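Some notes on the structure that comes next.
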Amino acid sequence: MDIKYRENPKLAENEIKVIIEASELDKDVMKLMSDIENLGSKRSILAINTEDRLEMLSYNQIILIEVFTNQIIIQSVDKIYETKGQLKTIYNQLPKSTFIQISKNTIINIDHLDYLEAAFSGNMTAFLTNKVKTNVSRKYLPDLKKLIGL
Numbered sequence: 077m078d079i080k081y082r083e084n085p086k087l088a089e090n091e092i093k094v095i096i097e098a099s100e101l102d103k104d105v106m107k108l109m110s111d112i113e114n115l116g117s118k119r120s121i122l123a124i125n126t127e128d129r130l131e132m133l134s135y136n137q138i139i140l141i142e143v144f145t146n147q148i149i150i151q152s153v154d155k156i157y158e159t160k161g162q163l164k165t166i167y168n169q170l171p172k173s174t175f176i177q178i179s180k181n182t183i184i185n186i187d188h189l190d191y192l193e194a195a196f197s198g199n200m201t202a203f204l205t206n207k208v209k210t211n212v213s214r215k216y217l218p219d220l221k222k223l224i225g226l
């Protein structure tokens, strides 16, 4: 890795511009980009507003997030949480180097992805930690493959 500093007087006083050059956009580059984006925020938890309290769930504990209408189900390593809201609202709070949307209603944590298996009509089935399985839509498959380095 080659790191260089170049002064740019055209930038505002507190503005920083980072350019990453690589031969291809792979998992390492995606992680680097995500790490740079999240530099200022040390947050690694998702606040979940359940029926009777506000739960703090560590990102590395989350296996899968699904939405049915406006009911959000968050499956963690040890518990299932339910809350209300939109999938895109939660997705925007998560680090893109670890979480990826794999269908219209599902987000997975790739650190909990065990393997993928071909399913019907070009879709794939994702097998996750705790024997959780879910379908990967053809529309989202290229992004998943890119994130895992294929």
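In this text, residue positions in the sequence shown follow the working numbering: the first is 77, and each later residue adds one. We put the CB at the ideal spot given by N, CA and C, even for glycine. Quick caveat: nothing in here was measured; it's all calculated off a predicted structure.
- Per DSSP, the unbroken alpha helix (DSSP H) holding D104 starts and ends at 103 to 113.
- Burial check for Y216: the Cβ neighbour count within 10 Å reaches 16 or more, so the residue is buried.
- Scanning the segment 154 to 195 from its first residue to its last, the whole beta strand (DSSP E) runs of 3-plus residues come out as 156 to 160, 175 to 179, 182 to 185, 189 to 194.
- Distances from the alpha-carbon of T182 to those of K80, K107, I138, K155 put I138 closest.
- When secondary structure is reduced to three states using DSSP, S213 falls in the coil class, being assigned neither helix nor strand.
- Between the segment 154 to 168 and the segment 190 to 200 there are fewer than three C-beta pairs closer than 8 Å, too few to call the two in contact.
- Classified as buried, S179 has 16 or more neighbouring CB atoms from the shown chains inside 10 Å of its CB.
- When the Cα atoms are used, E91 and K80 turn out to be separated by approximately 17 Å.
- The beta carbon of K209 is closer than 8 Å to those of T201, A202, F203 in its chain, skipping five residues each way along the sequence.
- Following the DSSP letters along the chain, one finds I95 in no beta strand (DSSP E), marked with neither H nor E.
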